[in-house]
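Structure, as structure tokens:
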Amino acid sequence: MKSVRDLFTQGEKVQRIIREQRANRSPGRSPGAPGLNCLVLGGGGREYAIAWRLARCDSVATIDVVPGNGGLTLFTRTLGFDVRDATRLEQHLAASQIDLAIVGPDDLVADGFGDRLRRASVATVAPSREAARIEWSKTFAKELMREAGVPTARWEALRDADAARAALARWDAPLVVKADGLAAGKGVAVCRTLDEARVALGTPPWSSGALVLEELLEGEEASLQALVDGETVVALPPARDHKRVGDGDTGPNTGGMGAASPTGVLPDEDAQRVADALIGPVARALAARGTPYRGVIFAGLMRTRDRFTVLEYNARFGDPEAEVTLARVGGDFAKLMLALGEGRLGEFVREHPMRFSQRAFVDVVLCAEGYPATPKTGAPITGLDGLPEGVYAFHGATRGTPAGGFVTAGGRVLHIVAGGATVAEARDRAYAGAERVSFEGKFYRSDIARGEVVAA
């Protein structure tokens, strides 16, 4: 016969199991409720921007984010389970009646989450794994550009660092060394001498795996994102990104230190024409191969003296480009994404032509000490409640605290995003906001969008 203590102990164990199971079960929603139930996969600044834009659509009922970040808990339902837990994800899709899913990070796109979500009968903004090769294989992207007749820099694919060292005899400096696969925006080394290239080839991520050597193009960079549904290509507002960690484009590459939209390098009125010329041929080539693309293609462009040239493609929204461009997309963004996810983008834009807001937006990224190498985390963040009017803190790498505050949880901690009638006005507001926020080791570039203001 069990003792009273055993009975209490057993009861506590059962209650604990019940609590754990409830915590891991999606709350669910009643079928047939009005409005779209949306799911965003990821937890950085890009995903914050996507959710923020969805939250401003009358057609949206709910927004779930997996795994999310500290700031996203303010206006979405974040679920901290492992997004790669297929059973858990499928259970959530069914229980929560998800209508629309948008996949944010490059690794999830490359791992075929677009295929997985579509198999669950969810309208999904993400290409198939095969079509996403335009990002996760630089060699494939270059071959596709050659096949489609898209201008790009001279290049050579190599199987590993040893082969690349031998190939340097065929190259003159300056040149670019690129990791063939995903590298979180840090797989590009601009080498001014052949000795710098040799050093890069002995350093991760270039020291292991396939590589691409590429001619260094000189000019002005621009970022162009487009919605692609088979052979239908619809341009989004262009932007200008700042990749290097230091002022004046110095130091190592990062995931992005800030951005501005619009940009004089690629004016809004030229966006569709350039997308038709530089993204359209690739979309048609993929469709002809039997791997039609459905999602976002991001083209990194270089404007030289006589034309635009494609530096690379990404298979998702840019970061920090999403933070400054999605706010400029007119109309109901959620319905636009649903049409893309359901494969009826062409029909939708014929009835609802794409419109760009005339307002400008600037994003200044606040980074943690140590970024882009190993950032220090856990620092309390203050000043978020004192931002000027019209200035937003898009959380990139934050974690909530029991007291209701936030601490740093990664390298690119916050995106301070501001709008204005001009880029100059938006820039002034963004920097005013950046100065209000504090955490130990905070740093940021002081010249984001300066070139846009000077050119104007």
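When the letters of the sequence shown are read in order and numbered with the working numbering, they come out as residues 6 to 461.
Glycine included, every Cβ here is placed at the ideal spot set by N, Cα and C.
Check: Coil, strand or helix - L206 by DSSP; Outcome: helix
Check: Close beta carbons around D87, own chain, < 8 Å, minus the five adjacent residues each side; Outcome: P72 and R93
Check: Buried/exposed call for Q26, threshold 16 Cβ in 10 Å; Outcome: Summary for Q26: the model assigns pLDDT 42, below 50, so the residue's position carries little reliability; its value from the coordinates is reported in the next sentence. Its Cβ having fewer than 16 others within 10 Å, Q26 is exposed.
Check: Those residues which DSSP pairs with Y397 across a bridge; Outcome: V422
Check: Validate contact between the region 315-322 and the region 103-112 using beta carbons, cut 8 Å, 3 pairs; Outcome: yes
Check: Strand pairing of F361, partner residues [DSSP]; Outcome: V334
Check: Neighbourhood of R138 by C-beta, 7 Å cutoff - its chain only, sequence neighbours within 5 removed; Outcome: F145
Check: For E140, the nearest candidate out of F118, D252, D185 and A168 (CA to CA); Outcome: D185
Check: Check whether R134 and A115 have beta carbons under 8 Å apart; Outcome: yes
Check: Nearest-angstrom beta carbon gap, A231 and A265 [assumed within contact, 8 Å]; Outcome: Not a contact, Cβ separation roughly 19 Å.
Check: Range of the contiguous beta strand (DSSP E) that encloses M307; Outcome: R299 to R308
Check: Three-state secondary structure (DSSP) of Y53; Outcome: helix
Check: Length of the line joining the Cα atoms of A327 and A460; Outcome: 23 Å
Check: Pairwise C-alpha distance: E457 and M359; Outcome: 24 Å
Check: DSSP state of K183 mapped onto helix, strand, coil; Outcome: strand
Check: Cβ shell of D234 (< 7 Å), same chain only, five flanking positions each side left out; Outcome: R299, L345, G348, L350 and G351
Check: For P72, the three-state DSSP class (helix, strand or coil); Outcome: strand
Check: Residues near I23 in its chain [Cβ-Cβ closer than 7 Å; skip 5 each side]; Outcome: Bear in mind that the predicted position of I23 carries a pLDDT of just 43, short of 50, making it too unreliable to give a figure here.
Check: Boundaries (first-last residue) of the beta strand (DSSP E) holding T314; Outcome: F313 to N319
Check: Cut-off 8 Å between Cβ atoms - residues of its own chain near N29, not counting five sequence neighbours on either side; Outcome: Because the pLDDT of N29 is 49, which lies under 50, any placement of that residue in the model is unreliable, and the question is left without a value.
Check: Test item: CB-CB of T237 and A136 under 8 Å; Outcome: no
Check: Expected contact under 8 Å - CB spacing of D104 and C43 to nearest Å; Outcome: 7 Å
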